[in-house]
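What follows is a short report on a single structure.
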Amino acid sequence: MANKYAVIETGGKQYRVEAGDAIFIEKLEANEGDKVVFDKVLLANGEFGDPYVAGAKVTGTVAKQGKEKKVVTFKYKAKKHGHVKKGHRQPYSKVLIESV
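Under UniProt numbering, the first residue of the sequence shown is numbered 1, with each subsequent residue one higher.
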């Protein structure tokens, strides 16, 4: 039998998850070690939702809160003596999926 998996929506993105997976998602307002429940399940055990599967939930634990590596953007306008250098570090949450 195939593994149980689900497709969840969080932070405006969709993720395919199975029990035991570790996923990096947009930052959640939770502390490390907190339990989180994702109730926006688009697909669970081969059943499609309209738009979400009724009663389906995915649970996980926040393992880490952090920031990604810095992304540097540089704009330069020739002959105008103009340049702009900016950096950005996107915050994330690492979640360990416990059950689907």
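All residues carry an ideal CB built from backbone N, CA and C; glycine is no exception.
Inset, instruction - Identify every residue that forms a DSSP beta bridge with P91. - result: On the sequence shown, position 91 is the one that residue 91 refers to. Its beta-bridge partners are K67.
Inset, instruction - Rank F24, V17, A54, H81 by C-alpha distance to the C-alpha of S93 and give the top, closest one. - result: Within the sequence shown, residue 93 is the residue found at index 93, counting from 1. It is F24.
Inset, instruction - Buried or exposed for A63, please, with buried defined as at least 16 other CB atoms from any protein chain shown within 10 angstroms of its CB. - result: The residue labelled residue 63 in the question sits at position 63 within the sequence shown. The Cβ neighbour count for A63, taken over all protein chains shown within 10 Å, is under 16; the residue is labelled exposed.
Legend entry - V71 classed as buried or exposed, judged by whether at least 16 other C-beta atoms fall within 10 angstroms: Against the sequence shown, residue 71 aligns to sequence position 71. The residue is exposed, with fewer than 16 neighbouring Cβ atoms inside 10 Å.
Legend entry - Contained beta strand (DSSP E) runs [length at least 3] in the stretch 23 to 70, N- to C-terminal order: Correct list: 35 to 38, 41 to 44, 58 to 67.
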